[in-house]
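Peer 1: So in our numbering, the last one in the sequence shown is 648, and the numbering has no gaps at all.
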Amino acid sequence: MSTTTSTTQLAEEIVRHVGGRENVSTLEHCTTRLRFTLRDGQRADKQGLSTTPGVISVVERGGQLQVVVGNAVADVYQAIGFSPASGGSSSAATTAGDDRSAGRRAADRVFDFVSGTFSPLLWALVGSSMIRAALALLTQFGWLSAESSTHAVLYAASNAVFYFLPIFVGVTASLKLGANPYVGGVVGAALLEPTFTALGTTGDTSSFLGLPMVLMSYSSQVFPVMIAAIFLSVIEKALRRALHKNLHLVLIPFVSLMVVVPVTMLVFGPFGVYLGQWIADGIELLNSTSSILTGALIAGSMLFLVTLGLHWALVPIILANLAATGTDTILAGWAGYNFALVGVAVGVLLSSKDTELRAAAGAGAASGALAGVSEPLVYGVVLRYRRLIPVLVVAAVVGGALNGAFGVKATGFLFQNVFTIPGFQPVSGYLVGIGAAFALGVVGVFLRGPEKRSAGAGTSGTSSTTAAVAPAAAAPISAPTSPQVTPSAGKGDGLVLSPLSGRVVPLKDVPDPVFAGGVLGAGVAVLPTTGEVRAPFAGRVVTVARTGHAIGLVSDEGLELLVHIGIDTVKMGGRGFSPRVTKGDLVAAGDLLVEFDLEAVRSEGYDLVTPVLLTATKDPAALRDVATGEITTGSPLLRVASTVSH
C-alpha cells in the first residue's frame, strides 16, 4: 500500500471516529497532534480511535480531543482537508463552537485559544528558525560574510515571519475566534504600516482625535494583536446580530477596522507590549534570583506539560521574551529536557533486547535529535516503561540547571536539536548542559532499565502505546459475572477488595496520561456501575478531597491507597459527590466512604473510570492476583507484595 493511500485511509478513519466532518468545529495541528474541537464530544468513538493503526494515543485536554499521530501529522491534516467556515459569515460551526466554549472553564478556553493561534504557524516558525541557525553556523565558521547580499537574502527568509508576526497572529487568532481572519491580519498589518510607524520618528507620543497615543514598536509582538483579535470577534458578532445580512459584506469589515485599529493603537497595543515586557522582566528576575533553579524547574516540568499538551501555552511567552530582549531562557531550559529524552532513547536502543521497543526508541531518538520533537518518545517509550520517568526528569533537571548556571539563552525561536546548537549562546555552556542531560539519560537507562510491561499490557492488533490513554468508558458494560482472578503469587501479600462494582480496567487504559503512566502509583481502575465507594480494607481515612471526588486510605497493614472517582471530576466542584467519612475516621472493610451520582458525572461530560492506586509504589510488578472483567464491591481486586505493605 502506498504512503499516500495509507495516509488517506488514516485520515478517513480518524474523521469517522470523531463523529464525521459535521461534528468538527475546528481542527488544528502541532508537531505530532491533530487538535479537534468537537460540537458534541459524546459522538466521538474514542476507544475505536485509540485502536486505529497509525494513532499513537488520544488525549482530551484544554477542551480539545487531541489525536497523536507522530511525525505524519501534517500529511494526515492535509488528507483530512478540513476547511473551517470563514469568519465573514455566521456559520453553524462558529455558533456551536461559541455555545460550547461558553460552558468551558476559563483556563480551558485560554489554552484552546493560544494553541489554536500558534499551532498553524508551526511550519513557518520552524523553517525560519532552522535558516537562522544555519546562518549562525555559516557566519561563525567564516563560510559566509554577514555583509554579503547572500546573507541578506537568507536573513530575510529567517526573519520575515518574526518581523511580521502581528499579521500572522492576527490571521490565526481571528480564525480561531470565528472572526474574519483577513480583517484580523489587516489589524496586525496596520501596526507595521510605514505611515503609522513614521510617527515614532518625531517622538514617543502622538494623538488620535485629540486622544493621547503612546507610540511603540510592534514588530515581533504577539500580545497586542491577540487582544485585538478578541475585541474584533466581539465587534463582528455584535454587528452580525445588528445588521441585515445584505449589509454584512460592506459594513462589518468597514466598521470593524474603523473601531478596532484605533482602539488597538490607543489601548491594546501599548498594553500588550508592556505585558510582554512585564513577563520578560519577571523571567529575568527569576533568573537573576537563581538561574540554576529556573532552568531546572523549566526542564523538569516539560515532560508533564508535553504529556498534557500544555506546552504550547509557553509559545507567546517565548515570543514576548524575544521581542522584548532578543533572547529567551525558556527554550534553553526546554533543551535540557529534549536532549535528556534523546539520551534516554539512545540508552534504550543500546540496552534493550525488545525489538519493538528498540524500533520505537530509534525512531524517537532521530525525531528528537534532528527535529527537536519529543512526543513520539514520550508516548512511544517513556509512558509505556514508567521506570524511565525518573531517569528522564533527573537528567532534564541537571541539563536545565547547567544551562541556567552558564546563562544560556536562545537567540531566536529555535527547536532544540543538533542543527540549532549555534543559536544558543554561549555555545560552550549550552554544549555542557545538553551534553550532561544526554549522558545522564543514557547512563540512567543502563542503571535502571525500562521495566517489563505488566501482563496483558498489549492486545491483539493494538500497540500498548495506543492503549495508554484509550478512554475506557467507550466500551460497553456487559452483565456482571464473577471476577476472574489470576493464580496467587504467594503468602503474606496484602489483600485489597474492590471499592466499587463495575468493570476492571487496566491502569494503562485510563484516559489520563498521569494515571495511565503510573505517576501517582501502581494499580488498576474500575469503571463503576453503581454510585458507591466502600472501604477496600480495614484502616484509617487519611484524606478526603474537598470536592468529594477522591479519598485516601491507609490499611492496618500499612497499605496506602487512593481512590479517584472519575477523570477531571474535580472541575465539578463537589456537585454529585457526598463523602460519608472524614479525615481520621477508622473504617472496616465494606464501610461506605462516598456516594456519587453517576448520571450527574456523565451529564457534565466527565469519564467515570476510577483509578485505585497504591501510592507507595509505582512498580506494577508489586501487584499480585489482579482481577479482570466484571467485579462487585467487596470482591478481591488485587494483592500487594508484603514489601510494599510494610
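Quick reminder that beta carbons are idealized off the backbone N, C-alpha and C, glycines included.
Here's a check: name, in chain order, each residue in its chain whose Cβ is nearer than 7 Å to the Cβ of Asp599, leaving out the five neighbours to either side.
Peer 2: Taken in chain order, the residues that qualify are Gly533, Gly578.
Peer 1: Jot down the residue ranges of each uninterrupted beta strand (DSSP E) in the stretch 558 to 605, minimum 3 residues, whole runs only, in chain order.
Peer 2: 562 to 566, 579 to 581, 594 to 598, all fully within the stretch 558 to 605.
Peer 1: Which ranges would you report for the alpha helix (DSSP H) in the stretch 378 to 417 if only whole runs of at least 4 residues count?
Peer 2: Within the stretch 378 to 417, the complete alpha helix (DSSP H) runs of at least 4 residues are 390 to 407.
Peer 1: Ala682 and Leu595: beta carbons closer than 8 Å?
Peer 2: No statement about residue 682 is possible, as the shown extent of the chain runs from 3 to 648 and does not include it.
Peer 1: Which residue comes first and which comes last in the beta strand (DSSP E) that contains Asp35?
Peer 2: A quick correction: the sequence has Arg, not Asp, at residue 35. 35 to 40 is the extent of the beta strand (DSSP E) around Arg35.
Peer 1: Quick check: what's the CA-CA separation for Thr413 versus Gly425?
Peer 2: For Thr413 and Gly425, the distance between alpha carbons rounds to 6 Å.
Peer 1: Quick check on the burial criterion: 16 or more other C-beta atoms within 10 angstroms. Buried or exposed for Leu548?
Peer 2: Looking at the sequence shown, residue 548 is not Leu but Arg. So Arg548 counts as exposed.
Peer 1: Take Val185 and list the residues in its own chain whose beta-carbon comes closer than 6 Å to its own, dropping the five residues that flank it on each side.
Peer 2: Excluding residues within five positions, the ones whose Cβ falls inside 6 Å are Pro255, Ser258.
Peer 1: Quick one: what does DSSP say Ser27 is sitting in, helix, strand or coil?
Peer 2: If DSSP states are grouped into helix, strand and coil, Ser27 belongs with the strands.
Peer 1: Taking the alpha helix (DSSP H) that Glu238 belongs to, which residues open and close that run?
Peer 2: Here the alpha helix (DSSP H) through Glu238 covers 225 to 244.
Peer 1: For Asp330, which residues of its own chain have a beta-carbon under 7 Å away from its beta-carbon, when the five flanking residues on both sides are left out?
Peer 2: Here the set comprises Ile320, Asn323, Leu324, Lys411, Ala412.
Peer 1: What first and last residue would you give for the beta strand (DSSP E) that runs through Val69?
Peer 2: Its beta strand (DSSP E) spans residues 66 to 70.
Peer 1: Suppose the cutoff is 7 Å on Cβ atoms and the five residues either side in sequence are ignored; what does the same chain contact list for Thr612 look like?
Peer 2: The residues are Leu502, Ala527, Val528, Pro530, Val565, His566, Ile567, Gly568.
Peer 1: If you follow the alpha helix (DSSP H) that Val262 is part of, which residue opens it and which one closes it?
Peer 2: Segment 250 to 265, the alpha helix (DSSP H) holding Val262.
Peer 1: Am I right that Leu555 and Leu616 are in contact with their C-beta atoms under 8 Å? What's the rounded C-beta distance?
Peer 2: The Cβ separation is near 11 Å, so there is no contact.
Peer 1: Measuring alpha carbon to alpha carbon, tell me which of Val216, Ala618, Ser27 ends up nearest Gly523.
Peer 2: Nearest C-alpha to Gly523: Ala618.
Peer 1: Under 8 Å between the Cβ atoms of Val583 and Val546?
Peer 2: Closer than 8 Å, so yes.
Peer 1: If we count the other Cβ atoms within 10 Å of its Cβ and call it buried at 16 or more, is Ser605 buried or exposed?
Peer 2: Answer is exposed; the Cβ neighbour count stays below 16.
Peer 1: For Gln279, collect the residues of the same chain with a Cβ closer than 7 Å to its Cβ; drop the 5 residues on either side in sequence, then sort them by chain order.
Peer 2: The residues are Ala326.
Peer 1: For the ligand ATP, is there any heavy atom lying closer than 7 Å to the beta carbon of Ser117?
Peer 2: Ligands are entirely absent from the displayed structure, and the ligand ATP is therefore not among its contents.
Peer 1: In the structure shown, what three-state DSSP assignment does Pro530 receive?
Peer 2: Three-state DSSP puts Pro530 in a strand.
Peer 1: Grouping DSSP H, G and I as helix and E and B as strand, with all else coil, what is Ser150?
Peer 2: DSSP places Ser150 in coil when its eight states are reduced to three.
Peer 1: Taking the continuous beta strand (DSSP E) assigned at Val173, which residues delimit it?
Peer 2: Counting along the chain, Val173 falls outside any beta strand (DSSP E), though it belongs to the alpha helix (DSSP H) covering 167 to 179.
Peer 1: Do you know offhand how far Asp77's Cα is from Ile232's?
Peer 2: About 30 Å.
Peer 1: Just verifying my parser: in three-state terms, what is the DSSP assignment at Val611?
Peer 2: Reduced to three states, the DSSP call for Val611 is coil.
Peer 1: For Asp514, count neighbouring Cβ atoms within 10 angstroms of its own Cβ and tell me buried if that reaches 16, exposed if not.
Peer 2: Answer is buried; the Cβ neighbour count reaches 16.
Peer 1: Measure the alpha-carbon distance for Ile133 versus Ala407 and round it to whole angstroms.
Peer 2: Between Ile133 and Ala407, the C-alpha separation is close to 28 Å.
Peer 1: Counting pairs of beta carbons, one from the stretch 164 to 178 and one from the stretch 221 to 230, are three or more of them closer than 8 Å?
Peer 2: Yes: the two stretches touch, three or more of their Cβ pairs being nearer than 8 Å.
Peer 1: Kindly indicate which three-state DSSP category Ile320 falls into: helix, strand or coil?
Peer 2: Reduced to three states, the DSSP call for Ile320 is helix.
Peer 1: Leaving out the 5 sequence neighbours to the left and right, which residues in its chain are closer than 6 Å to Ala540 when beta-carbon positions are compared?
Peer 2: Closer than 6 Å at the Cβ level, and outside the excluded window around Ala540, lie Asp558, Ala590, Ala591.
Peer 1: So what's Met215 in DSSP terms, helix, strand or just coil?
Peer 2: Of the three classes helix, strand and coil, the one that applies to Met215 here is strand, per DSSP.
Peer 1: Going by DSSP in three states, Ser637 sits in which element: helix, strand or coil?
Peer 2: Ser637 falls in the coil class under three-state DSSP.
Peer 1: Since Leu40 and Gly21 are thought to touch, with beta carbons under 8 Å apart, how far apart are those beta carbons, to the nearest angstrom?
Peer 2: Yes, they are in contact, since the Cβ atoms of Leu40 and Gly21 sit about 6 Å apart, within 8 Å.
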